[in-house]
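Numbering of the sequence shown is given in the UniProt record's numbering, commencing with residue 1 and proceeding in unit increments.
First the structure, in the form of structure tokens, and then the observations on it.
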Amino acid sequence: MTVIGRHRGWGPTALDRRTFNNIEHYLNGTRHLIPQGYPKNYVQHTLLTTTPLPPITSSSFFREVEWISVFALTLIPAASLYGALTTTLRLPTFLLAFAYYFYTGLSITAGYHRLWAHRSYNASLPLQIFLLLGASGAVQGSVKWWSRGHRAHHRYTDTDLDPYNALRGFFYSHIGWMLMRPRRKIGKADVSDLAKDPLLQWQHRNFNWLIFVMAFGVPTAIAHFGWGDAKGGFVYAGIVRLLIVHHSTFCVNSLAHWIGDAPFDDKHTPKNHFLTAIVTVGEGYHNFHHQFPTDYRNAIEWYQYDPTKWFIWLMECGGLASQLKVFPSNEIQKGELLMEMKRLREKQERVEWCKHADQLPVVSYESFQKQSTKRPLVLVSGFIHDLSGFLEHHPGGKPLLARYIGKDATTAFFGGVYDHSHAAHNLLSMKRVGILDGGHPHILDIAKLVPPGELMRVVKFGETFPSSGSWAEGEETAWSDEDAPKAVKDIEFDDNASPTDEDGHLCKISVPEVSG
């Protein structure tokens, strides 16, 4: 989990940190009790305890082909091409084909997918019948068969138990998974609720004749009795329309896992993309859907294309649908925020930051004065800065800056002469070469102590991120010549500058509590 931490609270609290360390210690101490190769989750357990079918060979190839699927997926495109070349397309037939495409496609998305596979809303019996008949015309199997595969897809996304595993390539997730017998049985998924539904049982038993009536009989009859174009109705509203509906739905398994962004989670392959939404009747915001599968929406913004969502909402307005499920907005925002912070973290790691106090040598005032005669060293907020190469580029002019060489310019920098910008403060911090003995702990104003660029950072849970000489509130640390790196750019250590008390004990530097 990634969190944004402010200066005084970076990383977990002391209690959280102790808990985190205890858990890590326990896991390290018990790791030897877990046998090597032991499954870490249910998917690994299933893969280790089940035996896949043997690889397909030249001698077994034809026995492994799913001939019904191959027949449907090759005959329909061939028939569509032949029919389009030999049949004139009339305007009423075109409008019928478009309307019937939308009806059958919407019946898959609003019916098979969001109603029955995910139970994202309740539908009245008339609406169920309407969607069931339309989805039968899309010829994609019965509700029970379709939902069983889809629920397995959500449970085992991107694994060998996922029937449409996108990690096996675009072609496989689009249609390849239907052409050959899978080497492994797809993961278990509970469809007992669907098996008990009398309407769905009826469809499952009568699916073979339903597909011929709804896919070809109805559009042919409408075109024939409507304007005398039975052949056109059969070709365009039947065969060509079916080809488009097939690949529209298949794009949810392939295209929706291939192009787009992942604004809610990037653990798996689902993506959000407007193009996918266009070709899938609104199923293109797939990253959202995989994170919040019971939500009746795929798109949550008003401008995002999701006609399936609009249809379900209209059905609710008409009293035909009810109990539309919506995931809590707070949890949706958490997902978005997490991904935004993750992207910020990646950007943050590409940025070069200033050295922290524990990375700099502790230098006595005498040593600072001595070194200032050799190069332009300026003291600001307890830090010693080497301004070599910058004097000529100082926006206020070289003379103004030169008079503070070997001196404390803290007051001048923060408004005494000019109240410098955040960018100036950040740039100054990059020129740190040391920390003045006895000077740093007396800086009480965090705005002067910490560069603006480091007032807020993205850190991971369990990670401490000390900034420029400051730690999480209440923590203490200590300076030591042994811990500090050797002199940077020839700054010399003074043996008398070690921060110890009269008895020779290491002095602790405590960050004072700062409000605001």
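All C-beta atoms, glycine included, are put in the ideal place defined by N, C-alpha and C.
None of the values given here were measured: they were computed from a predicted structure.
Requested in this report: Report yes if the CB atom of H385 is closer than 8 Å to the CB atom of K431, and no otherwise.
Outcome: Stepping through the sequence shown from its first residue, residue 385 is reached at position 385. Stepping through the sequence shown from its first residue, residue 431 is reached at position 431. Yes; because the gap between Cβ atoms is below 8 Å, this pair is in contact.
Query raised in the report: Can you name the residues that DSSP bridges to A321?
Result: Taking the sequence shown and counting its residues from 1, the one referred to as residue 321 is at position 321. A321 pairs with A123.
Report task. May I ask you to report which of helix, strand or coil DSSP gives G434? Result -> Sequence index remark: in the sequence shown, residue 434 carries index 434 (1-based). Shown here, G434 sits in a strand according to DSSP, grouped into three states.
Query raised in the report: Is D494 helix, strand or coil when you go by DSSP?
Result: Position 494 of the sequence shown, counted from the first residue, corresponds to residue 494. Confidence is the limiting factor: at D494 the pLDDT is only 45, short of 50, which leaves the residue's position unreliable, though a coordinate-based value still follows. DSSP places D494 in coil when its eight states are reduced to three.
Query - Strand pairing of M180, partner residues [DSSP] - result: Stepping through the sequence shown from its first residue, residue 180 is reached at position 180. The secondary-structure analysis by DSSP pairs M180 across a beta bridge with V65.
**Report entry** From H150, I332 and S367, residue whose alpha carbon lies closest to that of D118
**Finding:** Position 118 of the sequence shown, counted from the first residue, corresponds to residue 118. Residue identity check: residue 118 is His in the sequence provided, not Asp. Closest option to H118, Cα to Cα, is H150.
Query raised in the report: Ends of the alpha helix (DSSP H) at L161?
Result: Taking the sequence shown and counting its residues from 1, one reaches residue 161 at position 161. No alpha helix (DSSP H) contains L161, which DSSP labels as neither H nor E.
Query - Opening and closing residue of the beta strand (DSSP E) in which F234 lies - result: For this step, residue 234 is matched to residue 234 along the sequence shown. From DSSP, F234 is part of no beta strand (DSSP E); its letter is neither H nor E.
Query raised in the report: If we count the other Cβ atoms within 10 Å of its Cβ and call it buried at 16 or more, is E283 buried or exposed?
Result: For the purposes of this step, residue 283 is identified with residue 283 of the sequence shown, where counting begins at 1. When all chains shown are included, E283 counts as buried.
Query raised in the report: For F383, which residues does DSSP report across the bridge?
Result: As a working mapping, residue 383 is identified with position 383 in the sequence shown. Answer by DSSP bridge pairing, in chain order: V380 and I435.
Query raised in the report: Can you tell me whether D295 is buried or exposed, with buried defined as 16 or more other CB within 10 angstroms of its CB?
Result: Your numbering for residue 295 matches position 295 in the sequence shown. It counts as buried.
Report task. Spell out a yes or no on whether the stretch 87-103 and the stretch 220-227 are touching, meaning 3 or more CB-CB pairs, one atom from each, closer than 8 Å. Result -> In short, these stretches touch, since the Cβ pair count reaches three.
Query raised in the report: Which one of T308, F234, F61 and R457 has the shortest CA to CA distance from V351?
Result: Here residue 351 refers to the residue found at position 351 of the sequence shown. Looking at the Cα atoms, R457 is the closest of the given residues.
Query raised in the report: Just the Cα atoms here: how many angstroms apart are L200 and D266?
Result: By 1-based counting over the sequence shown, the position of residue 200 is 200. By 1-based counting over the sequence shown, the position of residue 266 is 266. Near 35 Å, if we compare the C-alpha coordinates of D266 and L200.
Query raised in the report: With a cut-off of 8 Å, do at least 3 Cβ pairs link the stretch 167-182 to the stretch 69-80?
Result: Flag = yes, the stretch 167-182 and the stretch 69-80 touch.
Query raised in the report: Got a sec? Which residues, its chain only, sit under 7 Å from L263 by beta carbon, not counting five neighbours each side?
Result: On the sequence shown, position 263 is the one that residue 263 refers to. At residue 263 the sequence reads Pro, which differs from the Leu that was named. Excluding positions up to five away in sequence, the list reads N272, N287, E336 and M339.
Query - Three-state secondary structure assigned by DSSP to N272 - result: Taking the first residue of the sequence shown as position 1, residue 272 is located at position 272. Three-state DSSP puts N272 in a strand.
Query - Extent of the continuous alpha helix (DSSP H) run through L340 - result: Working through the sequence shown from its first residue, we reach residue 340 at position 340. One point to set straight first is that residue 340 is Glu, not Leu, in the sequence displayed. Note, E340: alpha helix (DSSP H), S329 to E349.
Requested in this report: For residue 559, I'd like the list of residues in its chain whose CB is within less than 8 Å of its CB, leaving aside the five on either flank, ordered along the chain.
Outcome: With the chain covering only 1 through 516, there is no way to say anything about residue 559.
**Report entry** Any chain B beta carbon closer than 8 Å to G149
**Finding:** Checking the listed chains, one finds no chain B in this structure; it contains a single protein chain.
Requested in this report: Assess, as a yes-or-no matter, whether the stretch 103-113 is touched by the stretch 134-153 under the definition of 3 or more beta carbon pairs within less than 8 Å.
Outcome: With three or more CB-CB distances shorter than 8 Å, the stretch 134-153 counts as touching the stretch 103-113.
Requested in this report: Identify which residue in M315, K398, K325 and Y303 has its Cα closest to the Cα of H289.
Outcome: Walking along the sequence shown from the start, residue 289 turns up at place 289. Nearest neighbour of H289 by Cα position, chosen from M315, K398, K325 and Y303, turns out to be K325.
Report task. Rank S60, W145 and A97 by C-alpha distance to the C-alpha of F207 and give the top, closest one. Result -> By one-based count along the sequence shown, residue 207 stands at place 207. The option with the nearest alpha carbon to F207 is W145.
Query raised in the report: Mapping DSSP to helix, strand and coil, what is F414?
Result: Translated into positions along the sequence shown, residue 414 becomes position 414. Correct three-state label for F414: strand.
Report task. Please classify Y42: is it buried, with 16 or more other beta-carbons within 10 angstroms of its beta-carbon, or exposed? Result -> Here residue 42 refers to the residue found at position 42 when the sequence shown is read from its first residue. Taking all protein chains shown into account, Y42 has fewer than 16 neighbouring C-beta atoms within 10 Å of its C-beta and is therefore exposed.
Requested in this report: Using only alpha-carbon positions, find the residue among H246, L428, E316 and S329 that is nearest to Q291.
Outcome: Within the sequence shown, numbered from 1, the residue matching residue 291 stands at position 291. When each option's Cα is compared against that of Q291, the closest is S329.
Report task. Per DSSP, which residues does V362 bridge with? Please list them. Result -> For the purposes of this step, residue 362 is identified with residue 362 of the sequence shown, where counting begins at 1. According to DSSP, V362 bridges with I435.
**Report entry** Residues bridged to D408 (per DSSP)
**Finding:** The residue labelled residue 408 in the question sits at position 408 within the sequence shown. Beta-bridge pairing by DSSP links D408 to L379.
Report task. Output the boundary residues of the alpha helix (DSSP H) element that contains W227. Result -> For the purposes of this step, residue 227 is identified with residue 227 of the sequence shown, where counting begins at 1. First-last of the alpha helix (DSSP H) with W227: V218 to W227.
Query raised in the report: With 16 as the cutoff for other CB atoms within 10 Å, does S421 come out buried or exposed?
Result: Along the sequence shown, one-based indexing puts residue 421 at 421. S421 counts as exposed, since fewer than 16 other C-beta atoms from the protein chains shown sit within 10 angstroms of its C-beta.
Query raised in the report: Taking Cβ to Cβ, would you say M315 is nearer than 8 Å to L132?
Result: The sequence position of residue 315 within the sequence shown is 315, counting from 1. The sequence position of residue 132 within the sequence shown is 132, counting from 1. L132 is positioned such that its CB atom lies no closer than 8 Å to that of M315.
Requested in this report: Rounded to whole angstroms, what's the CA-CA distance from W202 to S147? Just pull it up for me.
Outcome: Within the sequence shown, numbered from 1, the residue matching residue 202 stands at position 202. Within the sequence shown, numbered from 1, the residue matching residue 147 stands at position 147. Rounded to the nearest angstrom, the two C-alpha atoms are 16 Å apart.
**Report entry** Alpha-carbon to alpha-carbon, C317 and F234
**Finding:** In the sequence shown, residue 234 corresponds to position 234, counting from 1. In the sequence shown, residue 317 corresponds to position 317, counting from 1. Looking at the two C-alpha atoms, the distance is approximately 35 Å.
Report task. Leaving aside the five residues before and after K355 along the sequence, list all residues of the same chain whose C-beta is less than 7 Å from its C-beta, in chain order. Result -> As a working mapping, residue 355 is identified with position 355 in the sequence shown. Closer than 7 Å at Cβ, skipping near neighbours: R432.
Requested in this report: Pull up the distance between the alpha-carbon of L427 and that of L344, whole angstroms please.
Outcome: Sequence index remark: in the sequence shown, residue 427 carries index 427 (1-based). Sequence index remark: in the sequence shown, residue 344 carries index 344 (1-based). Cα-Cα distance, rounded: 21 Å.
Query raised in the report: Taking the continuous alpha helix (DSSP H) assigned at D419, which residues delimit it?
Result: Walking along the sequence shown from the start, residue 419 turns up at place 419. No alpha helix (DSSP H) contains D419, which DSSP labels as neither H nor E.
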